[in-house]
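When we follow this note's numbering, the leftmost residue of the sequence shown carries the number 5, and every step to the right adds one.
Each residue gets a CB set at the ideal place from its N, CA and C atoms; glycine is no exception.
Working notes, beginning with the structure itself.
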Amino acid sequence: MKLLFSFTCLLLLTTCSTTEPSSTTNIPERPNILFIFTDDQAYDAIGALGDGQVITPNLDRLVNSGTTFTHAYNMGAWQPAVCLASRAMINSGRSVWQAQRMTERWRAQDQEAMDQNWAPLMRAAGYQTYFTGKWHVDAPATDQFDRAANVRPGMPHDGYPFPVIDALRQRHNEVVPIDSLKKYWPAGYNRPLHPTDDSWSPTDTSYQGFYAGGRHWSEVVADDAEIFLGEVRNADAPFFMYLAFNAPHDPRQAPQAYQDLYNVEDITVPASFLPRYPHANLIGNGSGMRDEDLAPYPRTELAVKTHRKEYYASISHLDAQVGRILRALSASGVKDNTIIIFTADHGLAVGNHGFIGKQNLYDHSVRVPLIVVGPGIEAGRKIDTDVYLQDVMPTALSLAGVEQPDYVYFNSLLPLLQDDAPSPYPAIYGAYVDYARSIRKDGYKLIVYPKAKVQRLYNVAEDPRELRDLIALEPEKAAALLTDLRALQAELGDDLSLTW
Numbered sequence: 005m006k007l008l009f010s011f012t013c014l015l016l017l018t019t020c021s022t023t024e025p026s027s028t029t030n031i032p033e034r035p036n037i038l039f040i041f042t043d044d045q046a047y048d049a050i051g052a053l054g055d056g057q058v059i060t061p062n063l064d065r066l067v068n069s070g071t072t073f074t075h076a077y078n079m080g081a082w083q084p085a086v087c088l089a090s091r092a093m094i095n096s097g098r099s100v101w102q103a104q105r106m107t108e109r110w111r112a113q114d115q116e117a118m119d120q121n122w123a124p125l126m127r128a129a130g131y132q133t134y135f136t137g138k139w140h141v142d143a144p145a146t147d148q149f150d151r152a153a154n155v156r157p158g159m160p161h162d163g164y165p166f167p168v169i170d171a172l173r174q175r176h177n178e179v180v181p182i183d184s185l186k187k188y189w190p191a192g193y194n195r196p197l198h199p200t201d202d203s204w205s206p207t208d209t210s211y212q213g214f215y216a217g218g219r220h221w222s223e224v225v226a227d228d229a230e231i232f233l234g235e236v237r238n239a240d241a242p243f244f245m246y247l248a249f250n251a252p253h254d255p256r257q258a259p260q261a262y263q264d265l266y267n268v269e270d271i272t273v274p275a276s277f278l279p280r281y282p283h284a285n286l287i288g289n290g291s292g293m294r295d296e297d298l299a300p301y302p303r304t305e306l307a308v309k310t311h312r313k314e315y316y317a318s319i320s321h322l323d324a325q326v327g328r329i330l331r332a333l334s335a336s337g338v339k340d341n342t343i344i345i346f347t348a349d350h351g352l353a354v355g356n357h358g359f360i361g362k363q364n365l366y367d368h369s370v371r372v373p374l375i376v377v378g379p380g381i382e383a384g385r386k387i388d389t390d391v392y393l394q395d396v397m398p399t400a401l402s403l404a405g406v407e408q409p410d411y412v413y414f415n416s417l418l419p420l421l422q423d424d425a426p427s428p429y430p431a432i433y434g435a436y437v438d439y440a441r442s443i444r445k446d447g448y449k450l451i452v453y454p455k456a457k458v459q460r461l462y463n464v465a466e467d468p469r470e471l472r473d474l475i476a477l478e479p480e481k482a483a484a485l486l487t488d489l490r491a492l493q494a495e496l497g498d499d500l501s502l503t504w
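This is the structure we're talking about:
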């Protein structure tokens with residue numbers, strides 16, 4: 005009853021008018037584009053797309069008002085900061101290893117590389133470009149956009165000593181003894197150890213985190229969006245808004261009202277829960293990996309439930325800010341000529357398969373929500389075609405009437421939105437540093453761990469939670485997928501050997 009009462013109160017506070025179901029089959033020419041981007045939000049971390057545990061009335065309305073791509077994936081990362089790699093791909097249009105090279109050019113202040121990115125291309129097409137929130141791209145946001153407000157880093161500084169931990173990992177050959185780490189963990193890590201563990205609170209603003217500067221960063225994104233949308237009614241040019249939330253990335257802070265929506269006792273432990281993932285250190289997910297150190301080793305159901313509660317509260321708080329943005333869009337007078345694109349940079353495990361972070365290739369960490377809403381977009385539709393989340397960049401270019409440059413690897417989603425077109429990708433590739441590679445094809449998924457000398461095979465069409473490893477039962481399927489994976493490696497410039 006407490007949860008129902010809290011939800012009802014929150015719903016009244018966040019009710020908004022989103023785009024109505026379209027009665028036309030035509031998308032406007034050169035529409036405004038409102039891109040809403042979250043961090044660490046898994047596909048099922050929206051009420052309408054998951055099991056109903058997370059409360060997201062505004063995001064649910066986007067799902068019901070638009071078209072959802074139910075199988076959108078991040079291609080991977082060359083470093084533990086998966087969000088940096090994802091954002092490099094989405095802004096450059098390049099595949100993962102090409103994007104890695106682009107970051108080097110950005111750091112060298114290569115102007116040609118800067119000008120080939122998403123926002124400059126939109127600006128060259130006559131769009132007014134605006135940014136606020138988490139950037140985490142090596143091409144400066146102030147140079148990429150006409151206006152950039154409150155540009156945030158990858159995450160607030162939390163005192164985690166990266167150089168020290170890296171040195172420990174090298175000294176101990178990647179496996180860092182827990183006792184060596186304990187003195188370096190700041191508040192918020194290795195918790196909770198017991199039901200009354202009060203070593204950290206998600207509402208305590210003295211930790212700063214997302215409260216650095218005095219106002220929660222999710223609320224600042226909505227503040228900035230309201231200001232900009234209040235100015236666009238009589239604008240001479242269409243706009244491209246890139247609104248990037250840091251939430252629900254840790255530290256997963258949200259006001260008490262949102263914490264009160266959830267009780268630890270009511271949170272469901274994922275079906276794939278494990279106290280430890282086998283070979284965790286050899287696949288880059290053991291002790292000393294920052295994201296994984298947030299919860300105790302081995303994982304406990306209490307720790308997983310606590311972190312998921314705070315994750316959900318952060319998302320519900322974020323959802324309320326999305327409601328503010330959508331209300332501002334309705335009040336702007338330009339909603340009927342605006343396409344909304346919502347997605348996240350990657351997912352998050354939060355207890356699935358023994359992981360807490362996103363440095364793995366299971367669907368909970370690479371699959372994200374991807375929703376398109378607006379005039380000419382079918383309401384309530386779900387498309388299960390495999391795509392990459394980075395397809396939103398060429399989609400926006402297509403909407404703006406920009407011819408897709410040859411260097412853009414990803415593909416516009418418009419053919420899928422307007423027709424039952426096939427996937428532009430014969431298979432979905434996944435990579436994490438030199439620890440893991442994956443391929444998703446024909447309803448199966450193969451994950452290869454070259455350092456651990458292990459393969460995993462899942463029939464994801466029948467087993468979407470990736471609970472049953474079929475590697476010993478279907479060796480021929482695994483061998484065929486490995487051949488296809490190697491072909492993808494060659495195509496994408498990936499020279500990691502998968503032979504042992």
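Limits of the beta strand (DSSP E) - the one that residue i falls within
i, result
"residue 45", "Run containing residue 45: none; DSSP gives neither H nor E here."
"residue 65", "First-last for residue 65: 61-69, but that is the alpha helix (DSSP H), not the beta strand (DSSP E)."
"residue 342", "342-348"
"residue 521", "This structure cannot settle anything about residue 521, because the visible part of the chain is limited to 5 through 504."
"residue 124", "Looking at the DSSP string, residue 124 is not in any beta strand (DSSP E); the run it does join, the alpha helix (DSSP H), is 122-128."
"residue 185", "Element bounds for residue 185: not the beta strand (DSSP E) but the alpha helix (DSSP H), 182-185."
"residue 117", "Unbroken run through residue 117 is the alpha helix (DSSP H), 115-119; no beta strand (DSSP E)."
Residue i versus residue j: straight-line alpha-carbon distance, rounded
i, j, result
"residue 314", "residue 410", "43 Å"
"residue 290", "residue 284", "5 Å"
"residue 28", "residue 382", "Unreliable placement is indicated for residue 28, whose pLDDT of 36 sits below 50; no coordinate value is reported for it."
"residue 211", "residue 361", "21 Å"
"residue 226", "residue 329", "6 Å"
"residue 209", "residue 481", "52 Å"
"residue 275", "residue 469", "8 Å"
"residue 446", "residue 198", "44 Å"
"residue 477", "residue 368", "24 Å"
"residue 110", "residue 141", "9 Å"
"residue 311", "residue 354", "7 Å"
"residue 405", "residue 215", "40 Å"
"residue 144", "residue 122", "13 Å"
"residue 45", "residue 365", "15 Å"
"residue 131", "residue 408", "16 Å"
"residue 70", "residue 185", "46 Å"
"residue 49", "residue 316", "8 Å"
"residue 172", "residue 282", "21 Å"
"residue 506", "residue 101", "Since the displayed the chain opens at 5 and closes at 504, residue 506 lies outside it and no answer follows."
Residue nearest to residue i in terms of C-alpha spacing, selected from the options
i, options, result
"residue 152", "106, 330, 232", "232"
"residue 490", "458, 442, 455, 448", "442"
"residue 349", "32, 55, 92", "92"
"residue 488", "438, 403, 451, 129", "451"
"residue 278", "357, 242, 301, 49", "357"
"residue 125", "403, 437, 438", "403"
"residue 448", "390, 372, 128", "390"
"residue 258", "71, 288, 219", "219"
"residue 377", "336, 421, 351", "421"
First through last residue of the alpha helix (DSSP H) which encompasses residue i
i, result
"residue 315", "305-336"
"residue 421", "418-422"
"residue 262", "260-263"
"residue 109", "100-111"
"residue 167", "166-175"
"residue 272", "Run containing residue 272: none; DSSP gives neither H nor E here."
"residue 231", "221-233"
"residue 369", "367-370"
Simplified DSSP state of residue i, which is helix, strand or coil
i, result
"residue 402", "helix"
"residue 484", "helix"
"residue 414", "coil"
"residue 464", "coil"
"residue 31", "coil"
"residue 203", "coil"
"residue 95", "helix"
"residue 428", "coil"
"residue 209", "helix"
"residue 244", "strand"
"residue 355", "coil"
"residue 490", "helix"
"residue 450", "strand"
Taking 8 Å as the threshold, find out whether the segment 232-248 comes into contact with the segment 122-138 through three or more Cβ pairs. Contact check between the segment 232-248 and the segment 122-138: three or more CB pairs, one atom from each, fall below 8 Å, which counts as touching.
Would you check if the segment 319-334 and the segment 246-253 touch, i.e. whether three or more CB-CB distances between them fall below 8 Å? Touching, per the Cβ criterion.
Between the segment 63-71 and the segment 85-96, can you find at least three pairs of beta-carbon atoms closer than 8 Å? Contact between the segment 85-96 and the segment 63-71 is absent, with fewer than three C-beta pairs closer than 8 Å.
The segment 267-274 touching the segment 180-193, judged by at least three CB pairs closer than 8 Å: With a cut-off of 8 Å, the segment 180-193 and the segment 267-274 do not count as touching, because too few Cβ pairs lie within range.
Could you say if the segment 339-347 and the segment 393-406 meet the contact criterion of at least three C-beta pairs nearer than 8 Å? Yes, the segment 339-347 is in contact with the segment 393-406.
Would you check if the segment 189-196 and the segment 157-173 touch, i.e. whether three or more CB-CB distances between them fall below 8 Å? Taking 8 Å as the limit for Cβ pairs, the verdict is that the segment 189-196 does touch the segment 157-173.
At least 3 beta-carbon pairs within less than 8 Å: the segment 412-421 vs the segment 93-103: With a cut-off of 8 Å, the segment 93-103 and the segment 412-421 count as touching, because enough Cβ pairs lie within range.
Any chance the segment 292-312 sits against the segment 235-247, with 3 or more Cβ pairs inside 8 Å? In short, these stretches do not touch, since the Cβ pair count stays below three.
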